[in-house]
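Quick note on the numbering used here: the sequence shown kicks off at 4 and runs consecutively. Virtual Cβ for every residue (Gly too), placed ideally from N, Cα, C. What follows is a set of notes on a single structure, which appears directly below.
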Amino acid sequence: MHRAESRDNMLVKSYLLLPMILSAFERDSAILSAHLRTPAPYLEVLETAAAVATTDLRDVRSEMRKRGIKVYEQNRLNAGIEAKFICRGYHERMLLLNDIVAAQAAIHMRRYLGLDISSFKSYEEQYQIK
């Protein structure tokens, strides 16, 4: 099969989500440092989480290169984020709805912050897709 596979779609999704997560960590760091008396411990947690997310983004980009995937256009729509990409010569399109983006970003942020995410089920687990 030459078209985008499940793993390819997950890479593109991560490629779209991780920069937003990093921006949220930066924004939250600025807010915390301006409003807390002793922000250092909180900022350290956010910096550590951002460092791990940055490493993940680097790994995602590397894997995308290996698999012949390139995102060539991203658009912010009222409904969500649209990405157009090439996967092994085929042009593909992905639309991530705002609700999905917010939910997925929140789960990833919790994981990066070291919180327990075991209560969250993946789409496949939730709908028993094999």
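When rounded, the separation of the alpha-carbon atoms in PRO22 and HIS111 is 12 Å. Per DSSP, ILE89 is one residue of the beta strand (DSSP E) stretching across 83-90.
Note that the C-beta distance between LEU99 and ALA52 is not below 8 Å. Cβ-Cβ separation between VAL55 and LEU14: approximately 17 Å, too far for a contact (criterion under 8 Å). When secondary structure is reduced to three states using DSSP, LYS124 falls in the coil class, being assigned neither helix nor strand. Distance from the CA atom of ALA27 to the CA atom of SER122, rounded to whole angstroms, is 23 Å.
Contact between SER65 and LEU49 fails: their C-beta atoms lie close to 25 Å from each other, not under 8 Å. As computed with DSSP, ASN78 is found in a beta bridge with GLU85. The beta carbon of HIS94 is closer than 8 Å to those of LYS87 and PHE88 in its chain, skipping five residues each way along the sequence. Around the CB of ILE84, 16 or more other CB atoms lie within 10 Å, so the residue is classed as buried. In summary, ILE72 is buried, with 16 or more beta-carbon neighbours lying within 10 Å of its beta-carbon over all protein chains present.
Around SER17, the same chain offers VAL63 as residues with beta carbons nearer than 6 Å, after the five sequence neighbours per side are excluded.
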